[in-house]
Amino acid sequence: MKNSPRIIVSGGGTGGHIFPAIAIANAIKQFYPDAAILFVGAEGRMEMQKVPQAGYEIIGLRISGIQRSLSAKNLMVPFHLIGSLIKAREIIKDFKPDVAVGVGGYASGPLLFVAGLMGIPTLIQEQNSYAGLTNKWLAKRAKRICVAYSRMERFFPLEKIVITGNPVRGNIVSKLGERVEAQEFFKLDASRKTILVIGGSLGARTINEAIKTHSEAMTNFGLQIIWQTGKAYYEKAMEFAKEKPNANLHVYEFIYDMDWAYAAADIIVSRAGAMSVSELCMVGKPAILIPSPNVAEDHQTANARALSSVNAAILIPDADAKTRLLPELLDLVKDDVRQMELRENILKLAKPHATREIAAEVLSLIKM
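Position in the sequence shown (first residue = 1) + 13 = our numbering.
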């Protein structure tokens, strides 16, 4: 193995892709502190801000996905794709990577496709229980495919698959057991049950509307809410919270201190993105999952079912959230035995060494 391996990590679009990518890079640095790591993302997306904040260089491709509704933007997709393929080739020629890693998101397609054509070994990290189109396409040339769920041979060649689990942020469990301190961090009442509501980095309209609808009932039941709304919903949520000063709503656009948030929570209400699910397994708190219906192949429902089928979480379809969230939540708050069952079962699904195992698989592809 070289003392200073050169690695490209590509992908992004949402926190569910970006934070795992950064976690993998950090793990590689633990193996080889002098490793040269370059990120490739999509221009205008979240990774262009978050990756430099984590201390890594990133180059953006002008690439976007196809809009599900009829849109003039779709006419530009082929031109952006061609331009991204050309730029990806230039990046690879200049950086000369030993290996390329794709974590999902728009940019991973062109970058890994070109890397494979140029003879650079590639590794795909598939986070979901239902593989996306891009990763299924890239799998043909990939040397290794790291997955979080069993039965992924439905989508990928069995001989390339390694079940590692998903990489999670290393600090998310660092404050568990410090509930009182976490309550103080968020200026909460430690005598009340705390519900953490997280709709993913982009927010979740249905969950946000359900919280608005039922905030008074939750308050009357003695609950307090840490509410991550997402950027698009933040201002209206803040206005709503100001109109309901007694509702115990603590509103955040985005929670950067998730270690404290998880420590403060007694019960978690969340979307079922792959990374959210993986973090919840590590944290081991009772969870109600409301999968987003606006994702490819309805993969969030598949992720949630992987937990609900073994009594590790409660699954509520998005269409039923407004009517079912409140009764399900209140029943769970009242049922200590059910909470304990969910805690014990979700912890069984945790993969605490996933990030390090993926980093080791990446490094194993580098030629001596």
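All residues carry an ideal CB built from backbone N, CA and C; glycine is no exception.
Please read these numbers as outputs of a predicted model, since none were measured by experiment.
For G73, DSSP records a beta bridge to G54. Taking the CA atoms as reference points, L215 sits about 10 Å from Y247. Note that the stretch 176-192 does not touch the stretch 256-264; fewer than 3 beta-carbon pairs, one per stretch, sit closer than 8 Å.
Per DSSP, L362 lies in no beta strand (DSSP E) segment and is marked neither H nor E. Residue environment analysis places W273 among the buried positions, since at least 16 neighbouring C-beta atoms fall within 10 angstroms of its C-beta.
DSSP, read as helix, strand or coil, puts S214 in coil. A direct Cα-to-Cα measurement between A55 and L360 gives close to 34 Å.
With a cutoff of 7 Å on beta-carbon distance, D111 and P18 are scored as near each other. In the pairwise beta carbon analysis, the stretch 234-251 is classified as not touching the stretch 361-370: fewer than three pairs are separated by under 8 Å. Y45 and N16 have their C-alpha atoms some 7 Å from each other. Non-local beta-carbon contacts of R102 in its own chain, meaning distances under 6 Å to residues more than five positions away in sequence, involve V127 in chain order.
The C-alpha of N358 lies about 18 Å from the C-alpha of A278. Scanning its chain for C-beta atoms nearer than 6 Å, with the 5 sequence neighbours on each side dropped, one finds around S23 the residues V53, G115, A120, S121, L124, in chain order. Of the candidates G118, A155, K63, L98, the residue whose Cα lies closest to the Cα of E374 is A155.
The DSSP-derived three-state label of E248 is helix. Taking a C-beta distance under 7 Å as the contact criterion, L302 and L328 qualify as a contact pair. Taking S142 as the centre and dropping the five residues before and after it, the same chain places the C-beta of Y162, A315, N316, A319 closer than 6 Å to its C-beta, in chain order. A Cβ-Cβ separation of about 5 Å places D331 in contact with P306 under the 8 Å criterion.
Its chain contains L339 as the residues whose beta carbon lies nearer than 6 Å to that of H227, once the 5 sequence neighbours on both sides are disregarded; these appear in chain order. For M59, the closest of I31, L51, I41 by C-alpha to C-alpha distance is I31. Distance from the CA atom of A300 to the CA atom of I104, rounded to whole angstroms, is 42 Å.
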